[in-house]
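Enquirer:
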Amino acid sequence: MEVFLSKRVMRALRISVADAIEDGEIDSLREDLVSLFSDDDVEEIERRIDSADFYDFVSEILDEWSGEDFDELLELLEAQLSDADVDLKYAAPETDDDAEEEQDDEEEDEELIVDDDDDDL
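The numbering of the sequence shown is our numbering, which starts it at 31 and goes up by one.
1. My parser needs the beta strand (DSSP E) runs of 3 or more residues fully inside the region 60–128; what are they?
2. With a 10 Å radius around its C-beta and 16 neighbouring C-beta atoms as the bar for buried, classify A109 as buried or exposed.
3. Starting from V52 and walking both ways along the alpha helix (DSSP H), at which residues does that stretch end?
4. Which residue's Cα is closest to the Cα of I27: S58, L66, D113, E105?
5. Starting from the C-beta of S39, find all residues in its chain whose C-beta is less than 8 Å away, skip the five residues before and the five after it, and write them out in chain order.
6. Note down, in chain order, each residue of its chain lying with its Cβ closer than 6 Å to the Cβ of M31, except the 5 sequence neighbours on either side.
7. Check the C-beta distance from F100 over to V47 and give it rounded, since I have them as a contact under 8 Å.
8. Would E76 and D83 be called neighbours here (beta carbons separated by less than 9 Å)?
9. If you draw a straight line from the C-alpha of E55 to the C-alpha of A122, how long is it?
10. Relative to the ligand PLP, is the shortest distance from any of its heavy atoms to the C-beta of L111 smaller than 8 Å?
Here's what the structure looks like:
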């Protein structure tokens, strides 16, 4: 089984992890992690894991996590899902800098578009 998380989802997860690290509270992060997966994905994962409860599965991952690093959490999530024969694929998480660069690029592209209708007169 394969699960893919988009850049947008990864960015939201990065923000949720940052909030959890800052607040020292992981309950909302747990909910955010659970909501990353579709109902069908959750059902299939529950069939493959020992506890048969996805919420508990995510809780165990968060218990193992040091609470300090986004990449560590992703590695734990990947490893636990891999043990259940679930391949987690994701786009590189978009950082705020990436989003700003993308927006700047779009603005530059808009500036480069020139209306040539006046030249034909």
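Yeah, the Cβ is synthetic: ideal placement off N, Cα and C, and Gly gets one too.
Expert: By the coordinates alone:
1. 117–120
2. To locate residue 109, count along the sequence shown from 1; it is residue 79. A109 comes out exposed.
3. Along the sequence shown, read from residue 1 onward, the residue named residue 52 stands at position 22. One detail in the question is off: residue 52 reads as Glu in this sequence, not Val. Note, E52: alpha helix (DSSP H), 37–53.
4. Residue 27 lies beyond the residue range present for the chain, which begins at 31 and ends at 151; the question has no answer from this structure.
5. Your numbering for residue 39 matches position 9 in the sequence shown. It is worth fixing the name first, because residue 39 is Val in this sequence and not Ser. Closer than 8 Å at the Cβ level, and outside the excluded window around V39, lie L66, Y120.
6. On the sequence shown, residue 31 is found 1 positions in, with the first residue counted as 1. Closer than 6 Å at Cβ, skipping near neighbours: E74, V116.
7. Residue mapping note: residue 100 aligns to position 70 of the sequence shown, counting from 1. Residue mapping note: residue 47 aligns to position 17 of the sequence shown, counting from 1. Confirmed, Cβ separation roughly 5 Å.
8. Stepping through the sequence shown from its first residue, residue 76 is reached at position 46. Stepping through the sequence shown from its first residue, residue 83 is reached at position 53. Yes, the Cβ-Cβ distance between E76 and D83 is below 9 Å.
9. Sequence index remark: in the sequence shown, residue 55 carries index 25 (1-based). Sequence index remark: in the sequence shown, residue 122 carries index 92 (1-based). If I take the Cα positions, the gap works out to 25 Å.
10. By its list of ligands, the structure shown contains no ligand whatsoever, and the ligand PLP lies outside what it can speak to.
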